[in-house]
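**Student:** If you scroll down you'll find the structure; I have some questions about it.
There are 2 protein chains.
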Amino acid sequence: MPPNKPATPDPARTLSLLWRHSLEPSRTRGPRPSLTVDRVVEAAITIADEQGLDAVTVRSVAQAVGASPMSVYTYVPGGKTELIELMIDAVYLRADRPAWGGLRWRERVKAVADQNRALYAAHPWLIHASTSRPPLGPGVITKYEYELSAFDGLGLSDVDVDAALTFVLGFVQANARSAAEAAALPEATAMTDAAWWEAQAEVLGRVVDPKTFPRATRIGEAAGAAQGGAYQADAAYRFGMDRVLDGLDRLVERKPKA
Amino acid sequence: MPPNKPATPDPARTLSLLWRHSLEPSRTRGPRPSLTVDRVVEAAITIADEQGLDAVTVRSVAQAVGASPMSVYTYVPGGKTELIELMIDAVYLRADRPAWGGLRWRERVKAVADQNRALYAAHPWLIHASTSRPPLGPGVITKYEYELSAFDGLGLSDVDVDAALTFVLGFVQANARSAAEAAALPEATAMTDAAWWEAQAEVLGRVVDPKTFPRATRIGEAAGAAQGGAYQADAAYRFGMDRVLDGLDRLVERKPKA
DNA sequence: TACGTACACTGTACAATGTACGTAGTTGAT
DNA sequence: ATCAACTACGTACATTGTACAGTGTACGTA
């Protein structure tokens, strides 16, 4: 990766773009635009979904929309950095967010987690999205509002609600990351989990004394040999989800309002 | 990033390198090596700690050890990918792992989390380390063995112990990621948290109706305006750690042996 | 002593990346 | 008819990982 960051960053312009505000100058003069921000962003999302974030290059996006590489900058002046922020907000915006109906809080929080998990499964590149200084577009804010509402009526303080949501989303993100890596590795390395483990075990057996690492040997071997990485991520999600809800339960119990 | 992955990957060779096994051919013929694997790896770690993982290039590492770029491949035949695996194992190996003494399980698990947190703080680039198919060197295995032992005597099954550890480490990783991003952003963007938030708020105020997003506006504004990202990550760690331990507590309660 | 083999070391070259810069063409308002 | 504002794009550059081919060195063998 060349140190090609600049591209005239401008938070205010990015924010206007996110909300598709034509706060931009006039609007009449000059040739009519042959593309839209949305077309560029959608093309980039498609590429990222199908081939991974690394395949999203200015050139590949340009080709997908039938324009020259530099034309992308006409619609996304902030370059690749800004494009990715637009992609993030766009997939958040189009996600489904059913009303809570009569769900109890545990079910609501689990639903938030499940939805995020599904989002990561559909768009693994989202895992790279930073949570600090997120692109505050309609998608991000709608998502935030919805997820905060899952903690309504529990008697938690604003600070605790925010912390609880961060906690839940952090868990989902970490798990999704493992799942995505596990899913991508066999193809990326042209080696199945079983083949990889066999190669490791063969060398490890000659190099490491099981008695020095009894727990690691026993538990690691079971985990490594028995199942593929994908199954493990699945089990980790179910296990972790229960822990997350139980952990929040202790907090909620103390505040009677639930 | 060019698609420059290959570099003759070979899991068995990497594993031998990790354990510094001279299963490599003879040893006598030819000029004596002027470097060692360790010197190369240490140089790379220093660069990553000081300037980030992006600053670790084959060229920068070569310069740090006083060799030509291509000479790095003499010591790390697998190229950059293998170098990073060696870096990961090396920092894990030199971490401090005090005996448990009389600590109770909650204190032990918290210690594991704190140690990992400290490791991420010292080596933020570790956050990028994949948990799937980790480099099974002495560092990784020693760390795994030690951390598993924190769950000794709780009456949990092997599967549950592994899942519990994964859960704890996932939480720490997600939090460390937020913390690292929050810490890096002000310098990387040449903009303080306060300045960023002010710029966002100024535009958002014109573009979004607070009544449409009451929770997001109230809670987000409080979170965004009041404190910097670094403080938030700190609070999130304390909050999350309590939830994690409480969540595990429910599991442990059911198995009387603790 | 001479030689060959196995190694260490390095310079060159290439493809891919993001994007700065400059140019050319197009349109509606004046 | 003119021009400002705009779209569009070709070229060029620095930076990356690493393949490849070559040069030199030191030890074991003859």
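One line per chain: the protein sequences are A and B, in this order. Positions 1 to 258 (this note's numbering) are the ones given, in order, by the first sequence. Positions 259 to 516 (this note's numbering) are the ones given, in order, by the second sequence. We put the beta carbon where it would ideally sit given N, CA and C, even for glycine. Every value quoted in this text rests on a predicted model; they were computed, and no experiment measured them.
1. Using CA coordinates, which residue listed in B:267, B:415 and B:355 is at the minimum distance from residue 222 of chain A?
2. Any Cβ of chain A within less than 9 Å of the Cβ of residue 328 of chain B?
3. Buried or exposed for residue 85 of chain A, please, with buried defined as at least 16 other CB atoms from any protein chain shown within 10 angstroms of its CB.
4. Restricting to Cα atoms, I'd like to know which of B:389, B:468, B:488 and B:402 is closest to residue 434 of chain B.
5. Starting from residue 100 of chain A, find everything on chain B with Cβ-Cβ shorter than 8 Å and list it in chain order.
6. Please identify the residue among B:491, B:404 and B:338 whose C-alpha is closest to the C-alpha of residue 167 of chain A.
7. Could you pull the start and end residues of the alpha helix (DSSP H) that residue 499 of chain B belongs to?
8. To the nearest angstrom, how far is the alpha carbon of residue 279 of chain B from that of residue 294 of chain B?
9. Determine, for residue 373 of chain B, whether the minimum Cβ-Cβ distance to residues of chain A falls below 9 Å.
10. Using a Cβ-Cβ cut-off of less than 7 Å, list which residues of the segment 396-424 of chain B approach chain A; keep chain order.
11. Of all the residues that make up the segment 503-514 of chain B, which are near chain A by a beta-carbon distance shorter than 9 Å?
12. In whole angstroms, what is the alpha-carbon distance linking residue 478 of chain B and residue 188 of chain A?
13. Can you tell me whether residue 89 of chain A is buried or exposed? The criterion is at least 16 other CB atoms within 10 Å of its CB, across all chains shown.
14. What does a CB cutoff of less than 8 Å around residue 429 of chain B pick up in its chain, not counting 5 residues either side in sequence?
15. Does the segment 352-369 of chain B come close enough to the segment 324-339 of chain B that 3 or more CB-CB pairs lie under 8 Å?
16. Check whether the Cβ atoms of residue 298 of chain B and residue 323 of chain B sit closer than 9 Å, and answer yes or no.
17. Tell me whether residue 449 of chain B sits in a helix, a strand or coil according to DSSP, three-state version.
18. Which residues in the same chain have their Cβ closer than 6 Å to the Cβ of residue 18 of chain A, if we skip the five residues on either side of it in sequence?
19. If you measure from the beta carbon of residue 449 of chain B to each beta carbon in chain A, is any gap under 9 Å?
20. What do you get for residue 122 of chain A, buried or exposed, if any count of 16 or more other CB atoms within 10 angstroms of its CB means buried?
21. In the DSSP assignment, find the alpha helix (DSSP H) that holds residue 401 of chain B and state where it starts and stops.
22. Using the C-alpha atoms, what's the distance from residue 228 of chain A back to residue 211 of chain A?
23. Work out the CA separation of residue 164 of chain A and residue 45 of chain A for me, nearest whole Å.
24. Quick one: which residues of the segment 214-227 of chain A get their C-beta closer than 7 Å to a C-beta of chain B? List them in chain order.
25. What's the call for residue 193 of chain A, buried or exposed, on a 16-neighbour Cβ count within 10 Å?
26. Under 8 Å, with one C-beta from each stretch per pair, do the segment 307-316 of chain B and the segment 375-390 of chain B reach the 3-pair mark?
27. With residue 440 of chain B and residue 34 of chain A assumed to form a contact (beta carbons below 8 Å), what rounded beta-carbon distance in angstroms separates them?
28. To the nearest angstrom, report how far apart residue 214 of chain A and residue 173 of chain A are at their CA atoms.
29. Sort A:28, A:246 and A:197 by Cα distance to residue 270 of chain B and report the nearest one.
30. With distances taken from CA atoms, which of A:107, A:153 and A:81 is nearest residue 129 of chain A?
31. Given residue 406 of chain B, which residues of its chain have a CB within under 7 Å of its CB, disregarding the five upstream and five downstream residues?
32. State the CB to CB distance for the pair residue 108 of chain A and residue 150 of chain A, rounded to an integer number of angstroms; the pair is presumed to be in contact (CB under 8 Å).
33. Hey, quick one: how far does the alpha helix (DSSP H) through residue 345 of chain B stretch, first residue to last?
34. Is the beta carbon of residue 360 of chain B sitting closer than 9 Å to the one on residue 246 of chain A?
35. With distances taken between CB atoms, is the gap from residue 412 of chain B to residue 510 of chain B smaller than 9 Å?
**Tutor:** The structure says:
1. In this structure, B:415 is the residue among B:267, B:415 and B:355 with its C-alpha nearest to the C-alpha of residue 222 of chain A.
2. It does not: the Cβ of residue 328 of chain B has no partner Cβ on chain A nearer than 9 Å.
3. Burial of residue 85 of chain A is indicated by the presence of at least 16 other C-beta atoms within 10 angstroms of its C-beta.
4. If we check each option's Cα against that of residue 434 of chain B, B:488 comes out closest.
5. By Cβ distance, chain B contributes nothing, its closest Cβ being about 13 Å from residue 100 of chain A, past 8 Å.
6. Closest by C-alpha distance to residue 167 of chain A, out of B:491, B:404 and B:338, is B:491.
7. Note, residue 499 of chain B: alpha helix (DSSP H), 487-512.
8. Cα-Cα distance, rounded: 13 Å.
9. No, no contact with chain A.
10. Residues of the segment 396-424 of chain B with a C-beta less than 7 Å from any C-beta of chain A: 399, 402, 403, 406, 407, 416, 419, 420, 421 and 424, listed in chain order.
11. So the close ones are 503, 504, 505, 506, 507, 508 and 509.
12. The alpha-carbon separation between residue 478 of chain B and residue 188 of chain A amounts to approximately 39 Å.
13. Here residue 89 of chain A is buried, its C-beta having at least 16 other C-beta atoms within 10 Å.
14. Counting only Cβ-Cβ distances below 8 Å, and skipping sequence neighbours, we find 371, 498, 499 and 502.
15. With the cut-off at 8 Å, the segment 324-339 of chain B and the segment 352-369 of chain B do not touch.
16. Against a cut-off of 9 Å, the Cβ pair of residue 323 of chain B and residue 298 of chain B comes out as a contact.
17. Looking at residue 449 of chain B - three-state DSSP - the assignment turns out to be coil, as it is neither helix nor strand.
18. Around residue 18 of chain A: 89, 135 and 137.
19. Yes, residue 449 of chain B lies at the interface with chain A (some Cβ there is under 9 Å from its Cβ).
20. So residue 122 of chain A counts as exposed.
21. Start and end: 396-407.
22. One C-alpha to the other measures close to 26 Å.
23. The straight-line gap from Cα to Cα measures roughly 30 Å.
24. 215, 216, 218, 219, 220, 222 and 223: these are the residues of the segment 214-227 of chain A whose beta carbon lies less than 7 Å from some beta carbon of chain B, given in chain order.
25. Under this definition residue 193 of chain A is a buried residue.
26. The segment 307-316 of chain B is in contact with the segment 375-390 of chain B.
27. Between the beta-carbon of residue 440 of chain B and that of residue 34 of chain A there is about 40 Å, and that puts the pair past the 8 Å contact cut.
28. Looking at the two C-alpha atoms, the distance is approximately 31 Å.
29. Considering only A:28, A:246 and A:197, the residue with the shortest C-alpha distance to residue 270 of chain B is A:197.
30. Considering only alpha carbons, the answer is A:81.
31. Excluding sequence neighbours, residue 406 of chain B sits near 419 and 423.
32. So it is a contact: roughly 4 Å between Cβ atoms.
33. For residue 345 of chain B, the enclosing alpha helix (DSSP H) stretches over residues 337-351.
34. A distance of 9 Å or more separates the beta carbons of residue 360 of chain B and residue 246 of chain A.
35. A contact, by the Cβ cut-off of 9 Å.
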